[in-house]
Each structure stands twice: as C-alpha cells, then as structure tokens.
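To start, the structure under review is shown below, and the notes come after it.
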Amino acid sequence: MKIVVYLGTGGVGKTSVAAATALSRARRQADKSLVLTIDPALRLRTALNLRERTLEQVVPLVPPGKGELWAALLDVRATLDDAVNMYAKKGQADRILNHPIYAQIADSLVGMQELMAVERIDQLSRRGFEYIVVDTAPSRHAIEFLDKPMAFADLVGSGWVKLVGRTYQFVARTGMMSLGRKSMDLYARVESLLGANLVQQVLDFYSIFVSIAEGYARRAEKTVALLKDPAITEFRVVTTPQKALRDARFFFSALKERGFPLGTVYVNRVWPHDASGAGGAPGLESDVLAWYAGVRQSHLHAIEELRKEYSGQPVSILPLAELDRDVDGLDALERIASQLG
Ligand SMILES: Nc1ncnc2c1ncn2[C@@H]1O[C@H](COP(=O)(O)OP(=O)(O)OP(=O)(O)O)[C@@H](O)[C@H]1O
Ligand SMILES: [Mg+2]
43 MKIVVYLGTG GVGKTSVAAA TALSRARRQA DKSLVLTIDP ALRLRTALNL
93 RERTLEQVVP LVPPGKGELW AALLDVRATL DDAVNMYAKK GQADRILNHP
143 IYAQIADSLV GMQELMAVER IDQLSRRGFE YIVVDTAPSR HAIEFLDKPM
193 AFADLVGSGW VKLVGRTYQF VARTGMMSLG RKSMDLYARV ESLLGANLVQ
243 QVLDFYSIFV SIAEGYARRA EKTVALLKDP AITEFRVVTT PQKALRDARF
293 FFSALKERGF PLGTVYVNRV WPHDASGAGG APGLESDVLA WYAGVRQSHL
343 HAIEELRKEY SGQPVSILPL AELDRDVDGL DALERIASQL G
C-alpha cells in the first residue's frame, strides 16, 4: 500500500493535484487508487461524482485506465458513523448514534477533521485501496492532522480520561461541584485539545463512547505508524511560485520536527510559454509579451531558488503549468496528471 499526503496553504491547487495524482496512478497501475478530498470546488466535485454522506465512489474513465480511480469526500460525520457501526459493542451502536451529544461531537469538535482523516485512511486501507491520496485542509495547521490523533490516542490510552469520565458522572449524579486536582489538570489538557465548551458533555458521553474511543486510539496509532513509514507514505507540498520558498521552508521543517520526510514540492501554476524570443508587433502586443516573459522568468527563478535551497536533500522540486482553464473536470486533471513526473 502507498499513501500520498498533500499539504499546502489555501488555494494553491492541493485538491486538484491530489485528484490528478490518483488519476495518474489509475491510468498506469492495475490497482485501486483513491483520492480522499476535502471540500473540492463544485465542478470538480461533480466531475468526481462526489456527494455528501456517501462513502467512496468509482470514477468512470474514458478510455478506461489500467486500474480504477475512486474518490471520496472526507465527511467527518459519515466517517464517525461508520466507525461506530463497525466498532461499537453489540447493541450500543444505535444508542451512540442517537445520543444527543453524538451529533455535536461529530459536527463541532475542534480537530475532528484531523481525527477523522486518520480514521478514514484506516477504513480505506481495510477496504482494499492500494494507493490512497490524501488532500488536507487549506491551512498551515493541516499539519496538525498528524498531531491531533496521537494526542487523542495518548489521552485515551492514559486511563485518566476514563477516570475523569466516571468522576464526572459521579459529580453530575451527586450534584457535587468540585473535582479533584488531578481531574482538573486533565480537564485543562482535554480542553486545550478539543475546545472548552464541549468537554463536559464529551466526558458525560464518554462512558458509552469508550469502546469507540479506545478502538479509535489503537487505529490512530497504527495509521500514524504507516504515515511515518517512508516506504509507505510520501508527503508532498503544493505551492505557487510566489509563495514557494516560504511554504517549502515551513512545511519542510514542520514535517521534520515530527519525523516525517518531505518527498516532493510541486510549484503549481507556473506560466508555461516561453515568450522571451517572440517578437510581436511594436506597441501593446510586444508590451504584453514582455510582461508575460517577465512573470514567467520570475516563476522559473522561484523554482531555481527552491532547488538551490534543497540541493543535496532528497526532495524533488517539480513545476506544474498554469492551465488555460479551471481544474473543473477529468480533462483538466489528465493535463495535470501528465506533468506529475
Ligand atoms: N495548474 C492550474 N491551472 C489553472 N488553474 C488551477 C491550477 N491549479 C489549480 N487551479 C485552480 O485554482 C483554484 C484552487 O484549486 P484547488 O481547489 O485545487 O486548490 P486547494 O489548494 O485545494 O484550495 P483550498 O485551499 O481552498 O482547498 C481552482 O479554481 C482550480 O481550478
Ligand atoms: Mg482544496
């Protein structure tokens, strides 16, 4: 199994490049390749046949590829429902799914998206996907999807959560207002991880959710181990020429700190035409050509800078051309796929 994780700041083309990567694999390799997307633009969503609350779907390719292309939306609620159905103790799934706090947990816990991305990777690997391309949330904080699951696993594994869960129930039953100091310390930790206002409800809910939480923690540890294994996982950054050096530095060191190597930086939206030699009629036409050539030159310069910065490191720096249209369908994805290297 291979996992490719795309990171990048907002609007740089992560979702487009992630989908193109899965497509490229499906064209060349006789296995099941899947892109796990987050919030794709409407037209790409339609092209990939994606709908809310559905699991992965096959994307028909014309002509067919050697393998299959699949796509899925990271749907936090559907992923959690799936985990509950799979891992709840017998007879408890419905109780959990219908618990009033359950919907709140699924919809509003800070960090839930990161927790569920890791759960989803586990679910997908069990369903026989051999090549999983993961798109991440549009921010520098996306890197936290590596931290949150482990922090959660540590908490659940610590046993303190269970203790506080029980203490909390006791407190609620007896109307006692204070908790012990150790419990309060844990509250503070849970609050900083998950956000303050839901903590009490979460702990209240915890006693029935415990089997899922423990199962989740075990799976998260396993999945994060897969993500740490360079034979299985490659981290890639998508950026644009304007932000290339800044983004690459940020993600390179954020990954390094966590013990994950960076494999590839794609510099997306590089202007593709070499207009430097083109003459053009004097006046507006040659002004436009000179402007285009100047911008393209600055794009190539950004790539050079990046290559210099990472010379001697096992990081590939690859350009992707600006298309003459939005990435709104399979044709455009094919055009990106053909450049991936
Ligand atoms: N190489 C390209 N040529 C032309 N347009 C592109 C290219 N790459 C991406 N785009 C366009 O840029 C916009 C953002 O792309 P995309 O949604 O893939 O980025 P993203 O990094 O996933 O964004 P977000 O951070 O919002 O999730 C889209 O309109 C897409 O069509
Ligand atoms: Mg996106």
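Anchor point for the sequence shown: position 257 equals 299 in our numbering, and the numbering is continuous, going up by one each time.
Ideal Cβ placement from N, Cα and C applies to all residues, glycine included.
{"Item": "Name the one or two DSSP bridge partners that F277 has.", "Value": "V47, L304"}
{"Item": "Look at the alpha carbon of R349 and the alpha carbon of I359, and state the distance between them as a whole number of angstroms.", "Value": "6 Å"}
{"Item": "Could you tell me the distance, in whole angstroms, from the CA atom of R16 to the CA atom of D81?", "Value": "Residue 16 is absent from the structure shown; the chain starts at 43 and stops at 383."}
{"Item": "Would the beta-carbon of V369 fall within 8 Å of that of V266?", "Value": "no"}
{"Item": "Decide if K74 is buried, meaning its Cβ has at least 16 other Cβ atoms within 10 Å, or exposed.", "Value": "buried"}
{"Item": "Applying the 10 Å Cβ sphere with the 16-neighbour rule, what's the burial state of W112?", "Value": "buried"}
{"Item": "Do P283 and A335 come within 8 Å of each other at the CB atom, strictly closer than that value?", "Value": "no"}
{"Item": "Determine whether the beta carbon atoms of L86 and A379 lie at a separation below 8 Å.", "Value": "no"}
{"Item": "Is any heavy atom of ligand 2 found at a distance shorter than 7 Å from the C-beta of P106?", "Value": "no"}
{"Item": "Here's the rule: buried if 16 or more other CB atoms are within 10 angstroms of the residue's CB, otherwise exposed. What is R93?", "Value": "exposed"}
{"Item": "One question on the structure: do A125 and Y258 come within less than 8 Å of each other, judged by their Cβ atoms?", "Value": "yes"}
{"Item": "Considering only residues of the same chain and omitting the five flanking positions on each side of D123, which have a CB-CB separation below 7 Å?", "Value": "L139"}
{"Item": "Using CA coordinates, which residue listed in Q355, T306, F277 is at the minimum distance from I45?", "Value": "F277"}
{"Item": "Just curious, the beta strand (DSSP E) that T79 is in, first and last residue?", "Value": "74–79"}
{"Item": "Can you determine whether any heavy atom of ligand 2 sits closer than 7 Å to the C-beta of F177, and answer yes or no?", "Value": "It should be noted that the sequence gives Asp, not Phe, for residue 177. Indeed, a heavy atom of ligand 2 lies less than 7 Å from the Cβ."}
{"Item": "Quick check on DSSP: helix, strand or coil for N127?", "Value": "helix"}
{"Item": "When you compare only the Cα positions, how much space is there between S340 and V312?", "Value": "9 Å"}
{"Item": "Just to confirm before moving on: does the CB-CB distance between L103 and Q155 stay below 8 Å?", "Value": "no"}
{"Item": "So, using beta-carbon positions, are F292 and L304 closer together than 8 Å?", "Value": "no"}
{"Item": "For ligand 1, is there a heavy atom less than 7 Å away from the beta-carbon of R311?", "Value": "yes"}
{"Item": "Return the residue from the list L188, R169, G170, F171 that minimises the CA-CA distance to T178.", "Value": "L188"}
{"Item": "Using the Cβ count rule (16 or more neighbours within 10 Å means buried), how would you classify S353?", "Value": "exposed"}
{"Item": "Have a look at L362 and N310 and give me their C-alpha separation to the nearest angstrom.", "Value": "5 Å"}
{"Item": "Should M158 be labelled buried (16 or more other beta-carbon atoms within 10 Å of its own) or exposed?", "Value": "buried"}
{"Item": "Is the beta carbon of A61 closer than 8 Å to that of V77?", "Value": "yes"}
{"Item": "Taking the C-alpha atoms as reference points, what is the distance between D136 and N127?", "Value": "8 Å"}
{"Item": "Could you please give me the residues that DSSP links to Y173 through a beta bridge?", "Value": "K44, S75"}
{"Item": "E327 to W333, Cα distance in whole Å?", "Value": "10 Å"}
{"Item": "Alpha carbon to alpha carbon, what distance is there between K132 and A290?", "Value": "48 Å"}
{"Item": "Just reading off the alpha helix (DSSP H) that S318 is part of, what are its end residues?", "Value": "Neither: S318 is in no alpha helix (DSSP H) and is coded neither H nor E."}
{"Item": "Ends of the beta strand (DSSP E) at F99?", "Value": "What sits at residue 99 in the sequence shown is Gln, not Phe. Here the beta strand (DSSP E) through Q99 covers 99–101."}
{"Item": "With 16 as the cutoff for other CB atoms within 10 Å, does D164 come out buried or exposed?", "Value": "buried"}
{"Item": "Taking all protein chains shown into account, decide if T96 is buried (16 or more other Cβ within 10 angstroms of its Cβ) or exposed.", "Value": "exposed"}
{"Item": "Near A72, what residues of its chain come up, given a Cβ to Cβ distance below 6 Å and the 5 sequence neighbours on each side ignored?", "Value": "K108, G109"}
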